[in-house]
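Here's the structure we're looking at; comments come further down.
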Amino acid sequence: MNQDEKYMRMCFALAKKGKGKVEPNPMVGCVVLNKSGMLVSKGYHKKYGEKHAERDALLKLKNNEAAGGTLYVNLEPCSHYGKTPPCVDLIIERKLARVVIGMKDVNPLVDGISKLKKAGIKVDFVLTEEAEFLNRVFIKNMTQKLPYVVLKTACTMDGKIASCTGDSKWITSNESRALVYKMRKEFDCIMTSSNTVIADNPRMEHKFKCILDKDLRVDKSAKIFQQGEIYVASNENTPVKNGRLDIKAVLAELFKRGIYSVFVECGGTLAGSMLKDGLVDEIYQFIAPKILNDNSGMSCFNGNEIYKIIDCVQTDIYKVETLDKDILIKALISKALN
Ligand SMILES: NC(=O)c1ccc[n+]([C@@H]2O[C@H](COP(=O)([O-])OP(=O)(O)OC[C@H]3O[C@@H](n4cnc5c(N)ncnc54)[C@H](OP(=O)(O)O)[C@@H]3O)[C@@H](O)[C@H]2O)c1
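All residue numbers for the sequence shown refer to this note's numbering, where the first residue is 10 and numbers rise by one.
The following block contains the structure:
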């Protein structure tokens, strides 16, 4: 690993300390080396509305301590007045010689790179793909004005989530289910369906839940209504397309309400439909060491008929965890069906 990669990875680690506190801002970390290449300061964006990482790192130093040095930051420094003044101005004022950036900011208001170059500061990029992966939620929010969507499923080794009678308790282990409770907290909202609420009557503890229920079939006495704020998407507040709720419109509405990430817990019909429509960014798939061995059981993804393997949804697996009994696969969707 070269020096630039080493310090950029340090920025990633610092940036992650802001997870859950900086949203809808990106997670950003910064490392400063002096003219002799000695690490003299570190900083990160700690909370939404507070100092950016570059400011946090540079303001810990005396006026000329960073002069001629290198600043590492995983996101292009800002050049506009937002909640804080532009970071590029401070970088120029402190006379850095070189700035190493992870990724360009997707916010169209930001043009820090040209301002730095105009001031004679050398700009380089390193580990761009990893920097984009770290801030994938921010990128989706900023470029599409939609929440980032993770679809969770828990299935047998043959991809089944329930038997033909709808029996589904329990496929995965206690440990996996406990992990799901924890995961939910990382998202602004849990989304589920009328069918799943009617079949399982889950409590799904969370501060904000969205139920897709076109014809308002779910009874208000269901456990899910006992806690948290609930947004029910139905034909009364959501457009209907081909006889189904337009989920993109639901996601856009959630975004307007300040929901930046959604965790979907549903059966195969909704999962299949969302995958087909390209509305899923990522899958968390728990697989239990069980085989239902019955094709009439319910599949975790139940979209339309597909004739060619070339038409599969492609994913990029980025993590496989072995739990007590099950495995958990985390994968980015790289190609949705047309
Ligand atoms: N193992 C797991 O991870 C897991 C998780 C959850 C559920 N489950 C199991 O899954 C089973 C239910 O699966 P399911 O396939 O019947 O239901 P589902 O996939 O959970 O939900 C399908 C329903 O979602 C609603 N929906 C709204 N907009 C939609 C759209 N654009 N496209 C598709 N659906 C849309 C429709 O109901 P409306 O017409 O009422 O809007 C539709 O009937 C249950 O047995 C449950 O136990 C398993």
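Quick reminder that beta carbons are idealized off the backbone N, C-alpha and C, glycines included. No experiment lies behind these values; they were computed from the predicted model shown.
What would DSSP say about residue i, mapped onto helix, strand or coil?
i, result
"lysine 154", "coil"
"valine 206", "helix"
"alanine 265", "Before going further, note that residue 265 is lysine rather than alanine in the sequence given. Three-state DSSP puts lysine 265 in a helix."
"glutamate 63", "helix"
"serine 282", "helix"
"alanine 106", "coil"
"glutamine 12", "helix"
"methionine 213", "coil"
"serine 305", "coil"
"alanine 297", "coil"
"threonine 137", "helix"
"glutamine 235", "helix"
"tyrosine 190", "helix"
"valine 82", "strand"
Check this for me: beta carbons of residue i and residue j, under 8 Å apart or not?
i, j, result
"leucine 284", "phenylalanine 264", "no"
"aspartate 222", "alanine 242", "yes"
"alanine 140", "asparagine 73", "no"
"alanine 3", "glycine 306", "Any property of residue 3 remains undetermined from this structure, which presents the chain solely from 10 to 347."
"glutamate 85", "glycine 27", "no"
"leucine 80", "isoleucine 100", "yes"
At the level of alpha carbons, what is the spacing between residue i and residue j?
i, j, result
"valine 40", "isoleucine 296", "40 Å"
"valine 259", "glutamine 294", "24 Å"
"phenylalanine 21", "lysine 69", "19 Å"
"lysine 124", "isoleucine 319", "45 Å"
"isoleucine 338", "aspartate 325", "10 Å"
"valine 159", "lysine 169", "19 Å"
"aspartate 335", "proline 35", "32 Å"
"asparagine 144", "leucine 188", "23 Å"
"arginine 107", "isoleucine 130", "5 Å"
Within the present structure, is the beta-carbon of residue i separated from the nearest heavy atom of ligand 2 by less than 7 Å?
i, result
"lysine 223", "What this structure holds is ligand 1, not ligand 2."
By Cβ distance, which residues of its chain are closer than 6 Å to residue i, with the 5 residues on each side in sequence left out?
i, result
"phenylalanine 134", "Ile110"
"leucine 341", "Glu291 and Asp325"
"glycine 52", "Cys39, Ala62, Asp65 and Ala66"
CB-CB under 7 Å to residue i, same chain, minus the five flanking residues each way: which ones, in chain order?
i, result
"valine 289", "Val158, Leu160, Met283 and Ile342"
"asparagine 43", "Val49, Glu74, Ala75 and Gly78"
"valine 146", "Tyr157, Tyr269 and Ser270"
"lysine 126", "Val132"
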